Amino acid sequence: MMELLSNNSSIPQQMASNNTSTNTTNSNNTAERLLTNLLESFPSWDLNAGMMPNNEPTNNESPPRNDFFLNNFLGSLETTNDFGMAPIGTRVRNPKMSPESSNNSSISCNWCDVNASLRCLECNEYMCNDCLRAHRKSPFASNHSIVSLPTPIGTSPTGGISNNIPTQPAPNYVCDLHNEMYRYVCEFCKKLVCQCCTLHEHKEHNYASIQNFVDEANEKITSALESSRMGTKCIKSSIDKALAFIRLIERNCNELCENIRKAFRQFIIAIEDRERFLLDFVEKLRQRRLAILHDQMAGLKSALSGLAETSDMLHKISENSTRMDHIEIAMKVTNGQRQLEQFAAIYKDLQPKQEVFAFAAPDYSILQDIRNQGAIILVDDKNMPMPTSGNMVGAPPNDVGTVLSLPNNGMTAVIPTNSRRPLLRDNSFHNPSPIMPPRTNSCTVPNAGIEWELSVMRSSPGLHFGAPRSTQAIAGSTDHVKARKSNALSLSFATEGHEDGQVSRPWGLCVDKMGHILISDRRNNRVQVFNPDGTLKFKFGRKGVGNGEFDLPAGICVDIDNRIIVVDKDNHRVQIFTASGVFLIKFGSYGKEYGQFQYPWDVAVNSRRQIVVSDSRNHRIQQFDSEGRFIRQIVFDNHGQNKGIASPRGVCYTPTGNIIVSDFDNHCLYLIDPDINEILSAKGHEGSGFQEFNRPSGLCCDDDGRIIVADSKNQRIVVFSPSLDYLWDIEVRPSHNPLMPTTLDEKDRTCDVALMPDGRIVFLIELSPDSKEGSNPYKRFVHVF
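Positions 967 to 1751 (the working numbering) are the ones given, in order, by the sequence shown.
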């Protein structure tokens, strides 16, 4: 038995000699299962999705599988029997190592003190060769699976240490979580893991030693290269298709614009004529009124001058009355009285009168009729227009199209059943209009042995690799995170300053799956990571433009790989770090082109590892893949919804994969579907009511879709339902909330918000612009409710 365990290759031969017919059947079935598992491990591509409309479809039939490929692939896999190894065709789960050790030589037998070399998978016990015999004698352990412990990396088969392996592993080869050398490859997560990982984070996963993985690398690389070549062909074809659609859209939209301008020109001319008439009338009225007033002013000035002369004459008579003749005095006084009467009459006649004219507004009820004039309609496959009208008289039957009515703007359109999505959407925060049934295309790739298939759910040109749309509130969390309503302040920390654990005008905030709170310490140009109890764990970063350096960092988030993503705002870029703060990559520069930024502010990441960044001065958001490669942008051009240009600030993903963006200057939220590059809805306006905002800033969602917003200038945290119905809020001002610390100032604002794994709401306080730094050394900036 021990010889069988020490030499696995002899087991299949003995089984083959005893059970030839049975093993032949099992081997064939196993080959099919293994091939299926291999083929399903690569991405699925759809060549039809990238073909031009007139291309011939690719044959859907798969070629017969090559026996040479099967034999060579299956021959490289280990097979065992009831003596402890898995049946033929199944993937052997490698033994999991003890978390107390990082080397097999230090694992002791659970039955004695000898070093263990075997492990029972059912009992989860380590044992030596001698103890195995005793273990096999038990009737309950006769069928248990026994595996040999893998040879540690860096040791020879005889147990000696190899001189070619350095005694101190390089930092890149050490697990960040357990500080042990990587020894295995997790086939489920497709990443390197240490021995402790196999017993904890990857307990239920299949994994192989690095040596076994490398031995099979050539076959995997060959298949991966073939997958890569086919993926390149599919993506290039889709790019060509997108370019053709771009040209088609340009021509189509130019024609639409020209027809719309011609159709509405008559309305515009009539309105402009009426406007011109009224403006000319006002101008004539102005000129006439000004002429009258100028004449009145001239007459009054003349009367004023004459009155001054009369007053001067009477004053002289009063001074020289003793030396003047009585008749002369009487004549001049009577003339002066007569002149005064005349001046009084002139004053009364030329008294200016206030005349105010007003504009009699037109009948605004006709505006709705004007807005309903015309429509954008879809056409069927024969380019025949689908009829539509304002009251839907003569609408097509149900088998022709679906009527989509938008009550908010009075527009209606008929959507043909063969179209995949409507052109127009309801202006609400609920789910958009129903999507048409999906179309599935598939094709067979010659000589590849792989069927590339892609289900097309929408007409978006973006790539879909079958990843789920759902996004977690806390990336990688195993718990369902639900925002908890609480009036009790459970924790406050982070005073103002420049020492460890202190902050200076912080902005960004996020929480990882372990409950650590990450803060973008903006003025200190660093990131600080705090434990769940508020004590400092570690920090990284300094001021500068190099890798790992910052200039006023802002938004921050953590992805499912526990990478830390930071918006380096005034360096106009995004930097990504490991969980321990080691720099990985950066992307972005100053500018307006794709992938460039002008003062980016916030960042979020979804379960597909897609990163979205709010590009504030470019009035857009941009989406990137996990390595910072540009995917798409969504520009906020208002569409008449707001008075000013949008200023995107906070950004987050919803559980369904949509994006919510806060508009700092227009006091509202946008709901965006990134897969179709459309703004589905805009909600909110300036105010302090339940559904109003005043400078909304950071925001987040829980796993039920509730939206938590940092309403900064209203100095509160507001919690809404997924449809933006008010649920509750947390007041920051101590005068409104006695539970808040009295050290806070009445003008302090909320800037960012996140959720703890237990559902508590954690938010960040920002000093008002006119507040002085260091005014209160006892003020704390992070609060948990």
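Glycine residues also receive a C-beta, built at the ideal position from the N, C-alpha and C atoms.
Being a predicted model, the structure only gives us computed values, none of them experimental.
In the displayed model, Gly-1507 falls within coil according to three-state DSSP, outside both helix and strand. With fewer than 16 neighbouring CB atoms inside 10 Å of its own CB, His-1446 falls in the exposed class. Counting only runs that start and end inside the region 1271-1347, the alpha helix (DSSP H) elements of at least 4 residues fall at 1292-1315, 1331-1337. Per DSSP, the beta bridge partners of His-1749 are Ser-1458, Phe-1729. One alpha carbon belongs to Phe-1179, the other to Leu-1115, and they sit about 16 angstroms apart. The DSSP-derived three-state label of Gly-1197 is helix. Along the region 1172-1248, the beta strand (DSSP E) occurs as fully enclosed runs of 3 or more residues at 1173-1175, listed in sequence order.
By the CB criterion at 9 angstroms, Thr-1501 and Phe-1459 fall inside the cutoff.
Assignment of beta-bridge partners to Pro-1566 by DSSP yields Asp-1581.
DSSP places Ala-1100 in the uninterrupted alpha helix (DSSP H) bounded by 1095-1103.
The beta carbon of Gly-1442 sits closer than 6 angstroms to the beta carbons of Lys-1479, Ile-1526 from its chain, once the five residues preceding and following it are set aside; these are given in chain order.
Between Gln-1262 and Leu-1316 the beta-carbon gap is near 4 angstroms, inside 8 angstroms, which marks them as a contact.
A Cβ-Cβ separation of about 6 angstroms places Val-1469 in contact with Ile-1485 under the 8 angstroms criterion. Partner residues in the beta bridge of Met-1147, as assigned by DSSP, are Val-1140. Contact check for Asp-1695 against Ile-1683 passes: the beta carbons are separated by less than 9 angstroms. Inter-segment contact for the region 1181-1199 and the region 1156-1164 is absent: fewer than three beta-carbon pairs are separated by less than 8 angstroms. Rounded to the nearest whole angstrom, the C-alpha separation of Trp-1567 and Gly-1653 is 23 angstroms. Under the 8 angstroms Cβ criterion, the region 1672-1683 does not count as touching the region 1572-1591, having fewer than three qualifying pairs. Secondary structure of Thr-1164 (DSSP, three-state): helix. Taking C-beta atoms under 8 angstroms as the contact rule, Gly-1272 and Gln-1320 fail to qualify, at a distance of about 26 angstroms.
In the three-state scheme derived from DSSP, where H, G and I count as helix and E and B as strand, Arg-1586 is classed as strand. Ile-1215 sits away from Ser-1452, with the two beta carbons spaced by 9 angstroms or more.
In the three-state scheme derived from DSSP, where H, G and I count as helix and E and B as strand, Gln-1541 is classed as strand. 9 angstroms or more divides the Cβ of Ser-1555 from the Cβ of Gln-1576. Bounds of the beta strand (DSSP E) holding Cys-1618 are 1614-1619. If you check the CB distance, Asn-1572 and Tyr-1636 do not come in under 9 angstroms.
In the DSSP assignment, the residues bridged to Phe-1659 are Glu-1652. Spanning the alpha carbons of Arg-1217 and Ala-1208 requires a straight line of approximately 14 angstroms. For a cut-off of 8 angstroms, the C-beta gap from Ile-1625 to Val-1578 is around 6 angstroms, short enough to register as a contact. Straight across, the Cα-Cα distance linking Asp-1079 with Lys-1103 is about 20 angstroms. Asp-1629 has Pro-1614, Cys-1634 as its beta-bridge partners, per DSSP. When DSSP states are grouped into helix, strand and coil, Asp-1534 belongs to the strand group.
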